[in-house]
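Participant: Letter by letter, the sequence shown follows residues 68 to 311 in my numbering.
Just so it is clear, CB atoms sit at the ideal spot from N, CA and C, and this is done for glycine as well.
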Amino acid sequence: MATKFYFFAFIFFLLTGCSHGDWRTASRDSVGIAPKPSEEQSAVVQVYAARTFNWHKYLAVHSWIAFKEKGADTYQVYHVLGWSARRGGPAVVGSEDLPDRQWYGNDPDLITDLRGEIAERAIPKIKAAIASYPYQRFYRLYPGPNSNTFISHVIRNVDELQVELPPTAVGKDWINDGDFVGFSESGTGVQLSLYGMFGLTLGLGEGIEVNLLGLNFGVDILRPALKMPLIGRIGFSDAPVFGD
68 MATKFYFFAF
78 IFFLLTGCSH
88 GDWRTASRDS
98 VGIAPKPSEE
108 QSAVVQVYAA
118 RTFNWHKYLA
128 VHSWIAFKEK
138 GADTYQVYHV
148 LGWSARRGGP
158 AVVGSEDLPD
168 RQWYGNDPDL
178 ITDLRGEIAE
188 RAIPKIKAAI
198 ASYPYQRFYR
208 LYPGPNSNTF
218 ISHVIRNVDE
228 LQVELPPTAV
238 GKDWINDGDF
248 VGFSESGTGV
258 QLSLYGMFGL
268 TLGLGEGIEV
278 NLLGLNFGVD
288 ILRPALKMPL
298 IGRIGFSDAP
308 VFGD
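1) Go through its chain and collect everything with a Cβ distance to Gly-211's Cβ below 7 Å, but skip five positions before and after it.
2) What separation, rounded to the nearest whole angstrom, lies between the Cα atoms of Ala-139 and Ala-116?
3) So, with DSSP's three-state summary, where would you put Asn-278?
4) Does DSSP classify Val-230 as helix, strand or coil?
5) Just confirm the distance between the C-beta atoms of Ser-339 and Ser-162, as a whole number of angstroms; I'd bet it's less than 8 Å.
6) To the nearest angstrom, how far is it from the Cα of Ile-197 to the Cα of His-146?
7) Candidates Glu-184, Met-295, Tyr-206: which alpha carbon is nearest Pro-234's?
8) Does the Cβ-Cβ distance between Ala-101 and Ala-133 come in under 8 Å?
9) Cβ atoms of Phe-250 and Arg-223: under 8 Å apart, would you say?
10) Where does Phe-217 land, buried or exposed, given buried means 16+ other C-beta within 10 angstroms?
11) Using the Cβ count rule (16 or more neighbours within 10 Å means buried), how would you classify Ala-306?
12) Going by beta-carbon coordinates alone, are Leu-269 and Gly-254 separated by less than 8 Å?
13) What is the C-beta distance between Val-230 and Ile-178, in whole angstroms, given that I count them as a contact (C-beta under 8 Å)?
14) Less than 8 Å separating the beta-carbons of Gln-169 and Ser-94?
15) Extract the residue ranges of the beta strand (DSSP E) inside the segment 159-247, only unbroken runs of 3 or more that lie entirely within it.
16) Rounded to whole angstroms, what's the CA-CA distance from Ser-105 to Asn-283? Just pull it up for me.
17) Using three-state DSSP, classify Arg-118 as helix, strand or coil.
18) Taking Glu-252 as the reference, give the member of Gly-245, Ser-219, Ser-260, Leu-280 with the closest Cα.
19) Between Gly-155, Leu-279, Ile-275, which lies nearest to Asp-287 when the distance is taken from Cα to Cα?
So this is what it looks like as structure tokens:
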């Protein structure tokens with residue numbers, strides 16, 4: 068019964084708009100989560116996710132990664148932008164930017180925050196993972212590869228990022244180059260996926276997740292919580308299994 072409800076809710080929100088904001092006037096202000104480079108000289112790595120713009124926000128989040136090398140006075144921010152790919156440009160876009168901007172009116176959630184030596188170790192691997200992403204000029208909103216597919220790829224290829232994207236990160240279950248089997252995002256389990264549409268994940272970090280039509284239902288056993296599509300995580304906050 069619950070599966071039917073979420074399926075029809077999913078179709079409803081795909082076919083109807085629930086708000087009519089203008090992206091040109093939506094806020095892109097910093098929310099003050101990231102440390103200012105002038106106040107934090109050590110290396111920093113942060114992963115963010117925020118509800119997407121307009122009616123899409125009821126379905127999914129947009130995710131991105133930001134890092135600052137030791138002593139640097141700016142952050143580098145990388146994410147996948149569908150509008151860039153649709154205009155013939157690269158899907159993966161990187162630039163010097165504020166890492167913690169609102170995503171067109173929606174506050175970001177901080178998924179992970181690495182600082183110091185662990186961030187220094189992670190940054191070269193992050194750069195390599197960005198370069199190895201197989202869809203540099205291709206984007207598909209649903210079921211991927213999209214912005215969440217990209218960040219999931221980076222997480223899977225950087226040992227220091229022992230985290231997972233939220234269940235609302237539609238597209239995260241598109242594994243690598245459309246593979247059917249792979250390690251889970253946290254690196255603590257295994258994942259089966261049919262092009263991001265159907266799948267199963269078992270892991271210490273993830274718990275148990277079932278993917279139906281790109282929507283995630285799951286239970287985190289280690290840090291008790293329910294994982295629900297549209298809603299997100301209900302229960303204890305997520306955290307790396309093994310810490311830093």
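Facilitator: Taking the geometry as given:
1) Gly-238, Trp-241, Gly-263
2) 24 Å
3) strand
4) coil
5) The structure shown does not extend to residue 339, since the chain is modelled only from 68 through 311, so no value can be given for it.
6) 9 Å
7) Met-295
8) yes
9) yes
10) buried
11) exposed
12) no
13) 6 Å
14) yes
15) 159-163, 175-182
16) 40 Å
17) strand
18) Ser-219
19) Ile-275
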